[in-house]
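*Asks:* Supplied in structure tokens, the structure appears directly below.
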Amino acid sequence: MTELAIRVAAAATLIWLGMVLAISFLEAPLKFRAEGLELRVGLAIGRIVFRALNIAEVVWAVVIAVCLAVAGESGPVLLLAAATAVLLTVQLLLVRPWLNRRSARVLAGQHAPRSRAHHAYIGLEALKLGALVALGAALLAG
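Residue numbers 593 to 734, in our numbering, belong to the letters of the sequence shown in order.
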């Protein structure tokens, strides 16, 4: 059962990693390069996509936590999983609400200056990406 739990945690970690790479580092930046795409439309799509991504991330974090608890993991693997969960929590509770307020203003037709929250989100996303790579490697090496 322990080996299965570790394999499921590794799979969940790598799926989560792939989702972050595909959406945050590929889809989101490329979307705004599409010819004719208005900012408001891009923001509306982005809100939906990132809401779905964040829900999936919470699910993956819970799956990983349950698997690590079942396996009785401790040490570096548990630390990496906790760090990843903390980064996600900061994004969801501190940065996303700030971004949502700005995008709501733009969608309502108001002018909203560029937000530093976007840079904070990208920075946290890069850190989370590194944590997921490290966690996946640690789980596969275990």
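Glycine included, C-beta positions come from ideal geometry on N, C-alpha and C. Since we're looking at a predicted model, the values are computed, not measured.
#1: If you draw a straight line from the C-alpha of LEU721 to the C-alpha of GLY628, how long is it?
#2: Mind checking VAL654: buried by the 16 CB within 10 Å criterion, or exposed?
#3: Can you give me the start and stop residues for the alpha helix (DSSP H) that GLY715 sits inside?
#4: Looking at the unbroken alpha helix (DSSP H) that takes in PHE617, where does it start and where does it end?
#5: Helix or strand or just coil, what does DSSP make of GLY667?
#6: Looking only at C-alpha atoms, which of ALA733, LEU613, ALA718, HIS710 sits nearest to LEU635?
#7: Mapping DSSP to helix, strand and coil, what is LEU685?
#8: Can you name, in chain order, every residue of its own chain whose Cβ lies under 7 angstroms from the Cβ of MET593, other than the five neighbours on each side?
#9: Can you tell me which of the three DSSP states ALA648 falls into?
#10: Cutting at 8 angstroms between CB atoms, please list the residues of its own chain near LEU684, excluding the five before and the five after it.
*Replies:* Short version:
#1: Translated into positions along the sequence shown, residue 721 becomes position 129. Translated into positions along the sequence shown, residue 628 becomes position 36. Rounded to whole angstroms, LEU721 to GLY628 spans 31 angstroms at the Cα level.
#2: Position 62 of the sequence shown, counting from 1, holds the residue named residue 654. Exposed.
#3: Counting from one through the sequence shown, the residue named residue 715 turns up at place 123. Here the alpha helix (DSSP H) through GLY715 covers 708-733.
#4: Locating residue 617 in the sequence shown gives position 25, counting from the first residue. Element bounds for PHE617: n/a, residue is neither H nor E.
#5: Along the sequence shown, read from residue 1 onward, the residue named residue 667 stands at position 75. Coil.
#6: Start at 1 with the first residue of the sequence shown, and residue 635 comes out as number 43. Ranking the options by Cα distance to LEU635, first place goes to HIS710.
#7: By 1-based counting over the sequence shown, the position of residue 685 is 93. Secondary structure at LEU685: helix, using DSSP grouped into helix, strand and coil.
#8: Residue 593 sits at position 1 when you count from the first residue of the sequence shown. These residues qualify, in order along the chain: VAL662.
#9: Residue 648 sits at position 56 when you count from the first residue of the sequence shown. Residue state, collapsed to three classes: helix.
#10: Numbered from 1 along the sequence shown, position 92 holds the residue referred to as residue 684. If we look at LEU684 and ignore the five residues flanking it on each side, its Cβ neighbours are ASN646, VAL650.
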